[in-house]
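Here is the structure we will look at.
Written out as structure tokens, the structure reads:
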């Protein structure tokens with residue numbers, strides 16, 4: 172057991188020499204913070220324990236933040252795709268409805284035009300038949316009265 176302890180001590184010293192010979196460690200130990208921590212070992216140990224213990228929660232937080240960001244980006248893409256699809260379907264329904272409404276309005280206007288022109292032709296034919304009958308002396312015009320015709324006839328004949 173003593174031999175194993177001596178072997179462990181040799182490896183420890185070898186590792187410490189490697190660390191202390193590193194240029195970055197030498198530069199840190201020559202700084203004010205390095206000298207302060209060298210002269211206050213309890214503060215250095217507390218700082219080392221704090222950094223070691225806080226590494227796990229910081230790592231979990233970073234993993235959480237990155238995964239949340241990735242999931243949010245994927246979620247935004249999925250939600251955006253859903254919203255665009257929903258908007259497209261809504262637009263298709265609205266345009267289809269407008270097409271049906273325009274067909275209905277066109278049908279009503281066409282039927283109204285046909286009915287109106289037929290009625291005007293019938294009225295025109297009936298009106299011209301009445302004028303022919305009046306001209307032939309068969310009937311009286313539907314819209315004229317005898318009192319209104321007399322002054323016109325008197326003026327034409329020159330009799331006052």
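Residue numbers (the numbering used here): 172 to 331. Note that CB positions come from ideal geometry on N, CA and C, so glycine has one too. From a predicted model like this one, the values you see are computed outputs, not experimental measurements.
- Residue state for residue 193 is assigned as coil, using DSSP reduced to three classes.
- In the three-state reduction of the DSSP assignment, residue 211 falls in the coil class, being assigned neither a helical nor a strand state.
- Between residue 218 and residue 233, the C-beta gap is not smaller than 9 Å, which leaves the two residues out of contact.
- DSSP, reduced to helix, strand and coil, places residue 202 outside both helices and strands of the structure shown, so it counts as coil.
- Rounded to the nearest angstrom, the Cβ distance from residue 205 to residue 213 is 16 Å, too far for a contact under 8 Å.
- Residue 180 and residue 173 have their C-alpha atoms roughly 10 Å apart.
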